[in-house]
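Written out below as structure tokens is the structure these notes cover.
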Amino acid sequence: MRLAIALAAAFALALPVSAQEAESDYVWPEPEISSDISALPPPVREKRQQLIDAARTGDIEALQAIIDAQDLPPRVSFGDPDDALAYLKDVSEDDDGRQILGLLVDLLDQPYAFYPDSGGETYYIWPYLAEINPETLTPAQQVDAYRLLDKAQIDELARMGAWYFWRTFISESGEWSAFVAGD
């Protein structure tokens, strides 16, 4: 979602001044946030559970069946590596990819965010914190952030004004769309 916002901003900067003024009046939608897994569309709920089950095996290769069942692999880096699993294993803090699997489970254990009136396909985003200004976290949201990050990382996100830590997206049709960090 943040990538889409960045692309929209870049497009707006390329517009003539009069079009930029009209664009600046746009009010960005607020995400809906929920922890109710039963409220997810069935394809999203099923994909989430498949990802959790695969991650809990401790074998990063268990994600390959999920990737192979899709038309496209999930985006795992804005650099678009050729092999999603090799990339995830490479960025994991251990040689077997278990740290990244644990992170995926931790993300999917958080509440999620979505934009129900986005005009296109709805994407469900974990953690919901990825769609909230880190400078304005409530005490309860700070607790959720501490489940994923340490104080220095949370302070850095607040200084940057955006969540650039890991997040994962599942489309309403059940496609695992992204598992990325950075912006």
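Numbered by mature numbering (1 follows the signal peptide of the UniProt record, and there is no 0), the letters in the sequence shown go through residues -19 to -1, 1 to 164 in order. The beta carbon of each residue, even a glycine, is placed where N, CA and C say it ideally should be.
Going by alpha carbons, who is nearest to residue i out of the options?
i: Ile135; options: Glu153, Leu21 and Ile113; result: Ile113
i: Leu130; options: Trp147, Pro120, Ala121 and Arg140; result: Trp147
i: Asp17; options: Glu11, Pro10, Glu102 and Arg26; result: Arg26
i: Ile33; options: Asp63, Leu85 and Asp52; result: Leu85
i: residue 165; options: Pro92, Trp157, Gly163 and Gln122; result: There is simply no residue 165 to check, as the chain begins at -19 and stops at 164 in what is shown.
i: Ile151; options: Arg140, Trp9 and Ile47; result: Ile47
i: Ala162; options: Phe59, Met141, Thr117 and Phe95; result: Phe59
i: Ser15; options: Ala35, Gln91, Val57 and Gln30; result: Gln91
i: residue 191; options: Pro24, Tyr109, Asp61 and Thr117; result: Summary: the structure shown does not reach residue 191, with the chain confined to residues -19 through 164, and so no result is reported for it.
i: Trp9; options: Ser99, Glu137, Ala111 and Met141; result: Ser99
i: Phe160; options: Val57, Gln45, Gln30 and Asp49; result: Val57
i: Thr70; options: Val124, Ala126 and Gln45; result: The identity of residue 70 in the sequence shown is Lys, whereas the question assumes Thr. Lys70 has its Cα closest to that of Gln45, out of Val124, Ala126 and Gln45.
i: Gln51; options: Ala133, Lys132, Ala20 and Pro24; result: Pro24
For the putative contact between residue i and residue j, defined by C-beta atoms under 8 Å, what is the C-beta separation to the nearest angstrom?
i: Ala143; j: Pro115; result: 7 Å
i: Thr38; j: Leu88; result: Not quite, the Cβ-Cβ distance comes to about 17 Å (not below 8 Å), so this is no contact.
i: Ile41; j: Gly78; result: 3 Å
i: Pro55; j: Ala65; result: 6 Å
Against chain C, does residue i count as a neighbour if the rule is that its beta carbon must be under 7 Å from one of theirs?
i: Met141; result: Structure shown: chain C not included; a single protein chain is present.
Which same chain residues end up closer than 7 Å to residue i when comparing Cβ atoms and leaving out the 5 residues on each side of it in sequence?
i: Pro22; result: Glu153
i: Lys28; result: Ile151, Gly155 and Trp157
i: Ala35; result: Ala43, Leu44 and Ile47
i: Glu102; result: Ser152, Glu153 and Ser154
i: Ala126; result: Leu110, Leu118 and Ile135
Which same chain residues end up closer than 8 Å to residue i when comparing Cβ atoms and leaving out the 5 residues on each side of it in sequence?
i: Phe(-9); result: Below a pLDDT of 50, predicted positions are generally treated as unreliable, and Phe(-9), at 37, falls in that range; the measurement from the model is reported next regardless. Closer than 8 Å at Cβ, skipping near neighbours: no residue.
i: Glu13; result: Ala94, Phe95, Tyr96 and Pro97
i: Glu11; result: none
Within its chain, find whatever has a CB closer than 6 Å to the CB of residue i; leave out the 5 residues flanking it on each side and keep chain order.
i: Glu74; result: Gln80
i: Ala111; result: Trp144 and Arg148
i: Ala139; result: Pro115 and Glu116
i: Gln31; result: Ile47
i: Gln123; result: none
i: Trp107; result: Leu88, Leu89, Gln91, Tyr93 and Thr149
i: Ile(-15); result: Only weak support exists for where Ile(-15) lies, its pLDDT of 41 falling under 50; the value from the coordinates is given anyway. Result list for Ile(-15): empty, nothing under 6 Å.
I want to check one thing, is the minimum distance from the CB of residue i to the heavy atoms of the ligand MN below 6 Å?
i: Pro108; result: Ligands displayed in this structure: none; no statement on the ligand MN is therefore possible.
For the region 87 to 121, list the beta strand (DSSP E) runs that are entirely contained and at least 3 residues long, ordered along the chain.
Counting only runs of 3 or more residues that sit fully inside the region 87 to 121, the beta strand (DSSP E) segments are 93 to 95 and 104 to 107, in chain order.
Any alpha helix (DSSP H) of 4 or more consecutive residues that is wholly inside the region 54 to 93
65 to 72 and 79 to 89
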